[in-house]
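Just so you know, the sequence shown maps onto residues 3 to 289 in this note's numbering.
Every residue, glycine too, gets a C-beta built ideally from N, C-alpha and C.
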Amino acid sequence: MTHRPRKRLGQHFLNDRRILARIVETLDPQPNETVVEIGPGKGALTSLLAPRSSRLIAIELDRDLAGVLRAEFAGLRHVEIVEADALDVDLATLSGGEPWSVIGNVPYYITTPILFHALAFPRPRTLVLLVQREVGERLAASPGSSDYGALSVTAQAVAQVTRHGRVPAGAFQPPPSVDSVIVRLTPLQQPLILPAEEAEFKSLVQAAFSFRRKQMLRVVRSIFDLNAPDAASLLLSCGIEQTARPEVLAPQAYVDLLRAARSAGLQRNDPNDRRELQSGSDSRERS
Numbered sequence: 003m004t005h006r007p008r009k010r011l012g013q014h015f016l017n018d019r020r021i022l023a024r025i026v027e028t029l030d031p032q033p034n035e036t037v038v039e040i041g042p043g044k045g046a047l048t049s050l051l052a053p054r055s056s057r058l059i060a061i062e063l064d065r066d067l068a069g070v071l072r073a074e075f076a077g078l079r080h081v082e083i084v085e086a087d088a089l090d091v092d093l094a095t096l097s098g099g100e101p102w103s104v105i106g107n108v109p110y111y112i113t114t115p116i117l118f119h120a121l122a123f124p125r126p127r128t129l130v131l132l133v134q135r136e137v138g139e140r141l142a143a144s145p146g147s148s149d150y151g152a153l154s155v156t157a158q159a160v161a162q163v164t165r166h167g168r169v170p171a172g173a174f175q176p177p178p179s180v181d182s183v184i185v186r187l188t189p190l191q192q193p194l195i196l197p198a199e200e201a202e203f204k205s206l207v208q209a210a211f212s213f214r215r216k217q218m219l220r221v222v223r224s225i226f227d228l229n230a231p232d233a234a235s236l237l238l239s240c241g242i243e244q245t246a247r248p249e250v251l252a253p254q255a256y257v258d259l260l261r262a263a264r265s266a267g268l269q270r271n272d273p274n275d276r277r278e279l280q281s282g283s284d285s286r287e288r289s
């Protein structure tokens with residue numbers, strides 16, 4: 003089909019069959035599972051998913067592309083095309099109570115919002131996305147590494163993150179300005195954080211990484227407006243060294259800090275002075 007990519011929608015179409023097949027294999031659709039594809043575009047990935055899925059729902063924002071996809075897959079009763087913004091769709095509801103998974107080549111500018119929208123409780127069996135390489139590296143980064151940040155912590159608190167191959171910019175039409183990577187996020191059977199704690203957890207982590215080079219004593223004093231002795235007592239209660247910095251703490255340490263602060267009845271100093279929760283990371287981590 004002929005379609006002029008729309009820059010405002012961040013459209014970059016992947017046509018390399020080998021890479022598309024690798025993405026499908028990374029998802030590994032299961033029997034009796036609903037597969038939700040975000041951003042099917044021209045349907046290159048959809049055409050490989052259809053024979054592997056017992057039910058496939060593709061969510062496309064572009065009206066023209068949605069119409070073409072409906073016509074192309076009209077003969078397949080188990081394939082449904084939904085014309086909508088994926089961020090406005092309750093993804094879990096689409097499964098009708100059955101197991102489900104998420105896959106997609108999402109525009110870079112909404113990668114992080116889509117990621118956390120898809121990881122909202124109740125979560126899919128697995129989530130496979132093609133994302134900007136730098137974002138993939140941050141998602142999978144280990145504590146203490148240069149790529150480790152708020153995005154790493156918030157994702158790893160609820161899911162195991164693995165990378166499954168780099169995709170060069172030249173594999174897309176038109177080519178983006180950066181390379182991409184396939185990432186798989188498998189929700190943990192026992193997440194570190196409870197659903198009711200997630201929003202507050204993300205806010206705390208985001209606030210901490212705005213002080214990523216400062217020692218934790220200074221960080222908690224600033225976040226909770228505490229004096230030095232009270233800040234030291236809070237850190238001691240959750241086993242965090244006063245001299246540690248946000249970039250070296252594992253996700254569990256942030257969970258412990260949140261719960262210790264809640265137990266002590268502490269409130270954030272100014273909950274309105276941080277960026278939107280689902281921005282996902284420090285200033286380097288915008289996709």
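Pull up the distance between the alpha-carbon of residue 259 and that of residue 253, whole angstroms please. 10 angstroms
On the DSSP bridge assignment, give the partners of residue 39 in chain order. 60, 105
So residue 93 and residue 46 are in contact, right, with Cβ under 8 angstroms, and what is the actual spacing, rounded? Not quite, the Cβ-Cβ distance comes to about 21 angstroms (not below 8 angstroms), so this is no contact.
As a quick exercise: from 235, 183, 154, pick the residue whose alpha carbon is nearest that of residue 208. Of 235, 183, 154, the residue nearest in Cα terms is 154.
Assuming residue 39 contacts residue 51 under a Cβ cut-off of 8 angstroms, what Cβ separation, rounded to an integer in Å, is found between them? 6 angstroms
Among 80, 170, 143, which residue has its Cα nearest to the Cα of residue 21? 170
Do the CB positions of residue 102 and residue 36 come within less than 9 angstroms of each other? Residue 36 is positioned such that its CB atom lies closer than 9 angstroms to that of residue 102.
At what residue ranges does the region 149–198 contain a whole run of the alpha helix (DSSP H), taking only runs of 4 or more? 152–158
Ordered along the chain, which non-local residues of its own chain (more than five positions away) have a Cβ less than 6 angstroms from that of residue 87? Around residue 87: 63.
Beta bridge counterpart(s) of residue 85 as assigned by DSSP: 62
Take the Cβ of residue 118 as the centre, count every other Cβ of all protein chains shown within 10 Å, and call the residue buried at 16 or more, exposed below. Buried.
Just the Cα atoms here: how many angstroms apart are residue 261 and residue 142? 25 angstroms
Short check: CB of residue 26 to CB of residue 72, under 9 angstroms? Contact check for residue 26 against residue 72 fails: the beta carbons are separated by 9 angstroms or more.
Touch test, the region 216–235 against the region 191–199, Cβ-Cβ under 8 angstroms, three pairs minimum: no
Please name the residue in 115, 166, 178 whose C-alpha comes closest to that of residue 157. 115
Residue from 197, 128, 239, 14 with nearest C-alpha to residue 31: For residue 31, the nearest C-alpha among the options comes from 128.
Could you compute how far the alpha carbon of residue 210 sits from the alpha carbon of residue 223? 11 angstroms
Would you identify the three-state DSSP class for residue 269, choosing helix, strand or coil? It is coil, neither helix nor strand.
Separation of residue 77 from residue 69, as counted between CA atoms: So the two alpha carbons sit approximately 14 angstroms from each other.
Close-in-space but distant-in-sequence residues of the same chain around residue 195 (CB under 6 angstroms, 5 per side omitted): 159, 203, 257
Does the Cβ-Cβ distance between residue 165 and residue 183 come in under 9 angstroms? Yes, the Cβ-Cβ distance between residue 165 and residue 183 is below 9 angstroms.
Confirm, please, whether the CB-CB distance from residue 150 to residue 135 is below 9 angstroms. no
According to DSSP, is residue 91 helix, strand or coil? coil
Measuring CB to CB, does residue 80 end up less than 9 angstroms from residue 65? no
For residue 211, which three-state DSSP category applies? Looking at residue 211 - three-state DSSP - the assignment turns out to be helix.
Considering just the uninterrupted stretch of the beta strand (DSSP E) at residue 228, what are its terminal residues? From DSSP, residue 228 is part of no beta strand (DSSP E); its letter is neither H nor E.
Suppose contacts are defined by Cβ-Cβ distances below 9 angstroms. Is residue 91 in contact with residue 131 by that definition? Not a contact, by the Cβ cut-off of 9 angstroms.
With DSSP collapsed to three states, give me the class of residue 217. coil
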